[in-house]
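So the structure is just underneath, and the comments pick up after that.
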Amino acid sequence: MEALVVNIQGLSTNAADLSNLHIILKQAHESLQAESIRLLPLLDQLDPSLHSLGYLYILEACTSAALSKEQASAVLLPTARFINSCDKEQIQLAPEKFVSVCRRFKDFVMQLEAPLRGVAPMLTAIRKIQSSSEHLTSLHPEFLVLCLLSKSYKAGLSILDEDIFEVDQPKDLFLYCYYGGMICIGQKSFRKALELLHNVVTAPMSVINAIAVEAYKKYILVSLIHNGQFSTSLPKYTSSVAQRNLKNFCQPYIELATSYSTGKIAEFETVAQKHREKFDNDNNLGLVKQAISSMYKRNIQRLTQTYLTLSLQDIANSVQLNSAKEAEMHVLQMIQDGEIFATINQKDGMVSFLEDPEQYKTCQMIEHIDSSIQRIMALSRKLTTMNENISCDPMFLAKVVGRERQRFDFDDFDPVPQRFNI
Amino acid sequence: MSSFTRQKASSPAEIQYARRSAALASARQRRSTAATMRPTAMEFFSDMDDQGSTMAMDVDDIDALEIFGGDGVIGENKLADLDFFNSFPDDFDESDMIN
Numbered sequence: 000m001e002a003l004v005v006n007i008q009g010l011s012t013n014a015a016d017l018s019n020l021h022i023i024l025k026q027a028h029e030s031l032q033a034e035s036i037r038l039l040p041l042l043d044q045l046d047p048s049l050h051s052l053g054y055l056y057i058l059e060a061c062t063s064a065a066l067s068k069e070q071a072s073a074v075l076l077p078t079a080r081f082i083n084s085c086d087k088e089q090i091q092l093a094p095e096k097f098v099s100v101c102r103r104f105k106d107f108v109m110q111l112e113a114p115l116r117g118v119a120p121m122l123t124a125i126r127k128i129q130s131s132s133e134h135l136t137s138l139h140p141e142f143l144v145l146c147l148l149s150k151s152y153k154a155g156l157s158i159l160d161e162d163i164f165e166v167d168q169p170k171d172l173f174l175y176c177y178y179g180g181m182i183c184i185g186q187k188s189f190r191k192a193l194e195l196l197h198n199v200v201t202a203p204m205s206v207i208n209a210i211a212v213e214a215y216k217k218y219i220l221v222s223l224i225h226n227g228q229f230s231t232s233l234p235k236y237t238s239s240v241a242q243r244n245l246k247n248f249c250q251p252y253i254e255l256a257t258s259y260s261t262g263k264i265a266e267f268e269t270v271a272q273k274h275r276e277k278f279d280n281d282n283n284l285g286l287v288k289q290a291i292s293s294m295y296k297r298n299i300q301r302l303t304q305t306y307l308t309l310s311l312q313d314i315a316n317s318v319q320l321n322s323a324k325e326a327e328m329h330v331l332q333m334i335q336d337g338e339i340f341a342t343i344n345q346k347d348g349m350v351s352f353l354e355d356p357e358q359y360k361t362c363q364m365i366e367h368i369d370s371s372i373q374r375i376m377a378l379s380r381k382l383t384t385m386n387e388n389i390s391c392d393p394m395f396l397a398k399v400v401g402r403e404r405q406r407f408d409f410d411d412f413d414p415v416p417q418r419f420n421i
Numbered sequence: 000m001s002s003f004t005r006q007k008a009s010s011p012a013e014i015q016y017a018r019r020s021a022a023l024a025s026a027r028q029r030r031s032t033a034a035t036m037r038p039t040a041m042e043f044f045s046d047m048d049d050q051g052s053t054m055a056m057d058v059d060d061i062d063a064l065e066i067f068g069g070d071g072v073i074g075e076n077k078l079a080d081l082d083f084f085n086s087f088p089d090d091f092d093e094s095d096m097i098n
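Heads up: the sequence lines are chains Y and D, in that order. Here the first sequence stands for residues 0 to 421, numbered as in numbering that gives the first Met the number 0. Here the second sequence stands for residues 0 to 98, numbered as in numbering that gives the first Met the number 0.
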């Protein structure tokens, strides 16, 4: 092992030396794995920023076996330091090992019940392994798990804003969108949450996926909260497997959505109570309660379409709240959240519903619309390029042309029309 | 419900009547606690949500995975990736935050 350390120290300076070092490290792989945690002291002789490739191999071997809590604690700090200071070019020579080390790092912080300690290093790891901001790595879902467990929703949002066009593994996309949807729910970005959960539900799958089932449950609830409605019909591009089977796994949620559409709070609460245990086991009871609250809001919003002014007592009676005071609390919250535009005259208990003051003619609004148009144009260009690439894909052509050929007889391909013979 | 409650107007004459009534009502409302109807707004734009694009993309009837080597449905009752991590506490219950 001492010889290996000397090699790492001497062969980490240029690309040619690193190439030789890599061969040596691969040859030493098995003996490194055999030593495992006993290799930890060797790391003190290496600089993670200069000797990143060698450091990676030794660190990966250190963490290969199952570790006790004390051992995990001992290896946590060196791993975090390595992730922060390692050389990006060197670790990209062995990306699978880097991902493996980061995954185990995530396991350690969870084992130590300290997910917050993993958030920043995992985000750094993503930036080091990504080929571009459009690249979804296997570390993205791991990072989002840590954000969810540590309730660091804002940190999670930082990578959810990036458009993804390159995926390593399909499962990564499922998990990324599912966990991402949960992050957005936590931040009350319901529109973005729906978009991400929709991606899971409609992603290609040959077998019904458990992640898609859980995503569909949350998709139903968030649809009710955000849109006040839910449709069971899925887009045409959804896989046939999902079209046929998703609803079967989510019957209590479908029943809940059906009762929501009646607008009757008592009926909705009855269904929620009937399947309470199921919702609780799925950890969705909180969202169900938010859906109940949203019904009150939806009913109050409906009133704004009919009335200019209305008393708090009339609002309470109309939406089945217990008192004018409760109605006032709901209206105040909705005003604060920008869900209605209104003023409350506390002297006579009258609510005046106002028009949306947005005129859509401010410079800020124009910039917002312009940037949206630019983004859509860029997406359209990207989609056209992807479509062209897929159209030239040999595997795609073999399948499609093969199918087309089965429909025609040999004579259909004869270029000389027989009927024109003289 | 207040005795001043009215149904929404539909024809132009009714709309005008409703607007006049609303204007009178808003003058009255300083003294009374009557609910005031909102004049019906003309819907210039129908709901833009969920409308198909005029340049709809052609969607192949063939399941994408059948093109790229998938063998189609293997077992519709089996769930893939059943062991994925989903043990999060329910952090979305806001009932303790109300009032």
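Ideal placement from N, C-alpha and C gives every residue a C-beta, glycine not left out.
Under 8 Å between C-beta atoms, does D/Asp90 make it to chain Y? yes
Residues near D/Val72 in its chain [Cβ-Cβ closer than 7 Å; skip 5 each side]: Low confidence applies here, because D/Val72 scores a pLDDT of 42, under 50, leaving its location unreliable and the question unanswered by this model.
Top-ranked residue by Cα proximity to Y/Asn280, from Y/Glu366, Y/Val240, Y/Glu213: Distances from the alpha-carbon of Y/Asn280 to those of Y/Glu366, Y/Val240, Y/Glu213 put Y/Glu213 closest.
In chain order, what residues of the segment 149-163 of chain Y put their CB closer than 8 Å to some CB of chain B? This model lacks chain B altogether; the protein chains it does include are Y and D.
Could you name the residues that DSSP lists as bridge partners for Y/Val166? Y/Leu135
Taking only beta-carbon atoms, is Y/Asn83 less than 8 Å away from chain D? no
Give every residue of the same chain whose Cβ lies closer than 7 Å to the Cβ of D/Leu78, excluding the five residues on either side of it in the sequence, and list them in chain order. none
Among Y/Val221, Y/Ser238, Y/Gln129, Y/Thr78, whose alpha-carbon lies nearest the alpha-carbon of Y/Ile253? Y/Val221
At which residues does the alpha helix (DSSP H) containing Y/Thr78 begin and terminate? 68-84
Segment limits, alpha helix (DSSP H) that includes Y/Leu52: 51-61
Please tell me whether D/Ala79 has its Cβ less than 8 Å away from any Cβ of chain Y. yes
To the nearest angstrom, how far is the alpha carbon of Y/Met294 from that of Y/Gly155? Each residue's alpha carbon lies about 29 Å from the other.
Is there at least one non-hydrogen atom of the ligand SAM closer than 7 Å to the beta-carbon of Y/Ala113? This structure lacks the ligand SAM, and indeed carries no ligand of any kind.
If distances are taken between C-alpha atoms only, which option among D/Phe87, D/Thr35, D/Glu93, D/Leu81 comes closest to Y/Lys170? D/Leu81
When the distance is taken between beta carbons, is Y/Tyr152 closer than 8 Å to Y/Gln110? no
Per DSSP, cross-strand counterpart(s) of Y/Ser310: Bridge partners of Y/Ser310 according to DSSP: Y/Met349.
Could you please give the first and the last residue of the uninterrupted beta strand (DSSP E) stretch that includes Y/Thr342? For Y/Thr342, the enclosing beta strand (DSSP E) starts and ends at 341-344.
Just verifying my parser: in three-state terms, what is the DSSP assignment at D/Ser36? Looking at the sequence shown, residue 36 of chain D is not Ser but Met. Strand.
Taking DSSP's pairing of strands, which residues face D/Ala79 in a bridge? Y/Asn208
Contact set between Y/Lys288 and chain D, taken where Cβ atoms lie within less than 9 Å: Phe91, Asp92, Glu93, Ser94
Alpha carbon of Y/Asp167 to alpha carbon of Y/Leu174, nearest angstrom: 12 Å
Mapping the DSSP letters down to three states, classify Y/Gln304 as helix, strand or coil. coil
Are the C-beta atoms of D/Met47 and some chain Y residue less than 8 Å apart? Bear in mind that a pLDDT of 47 at D/Met47, under 50, signals an unreliable position, so the model cannot answer this.
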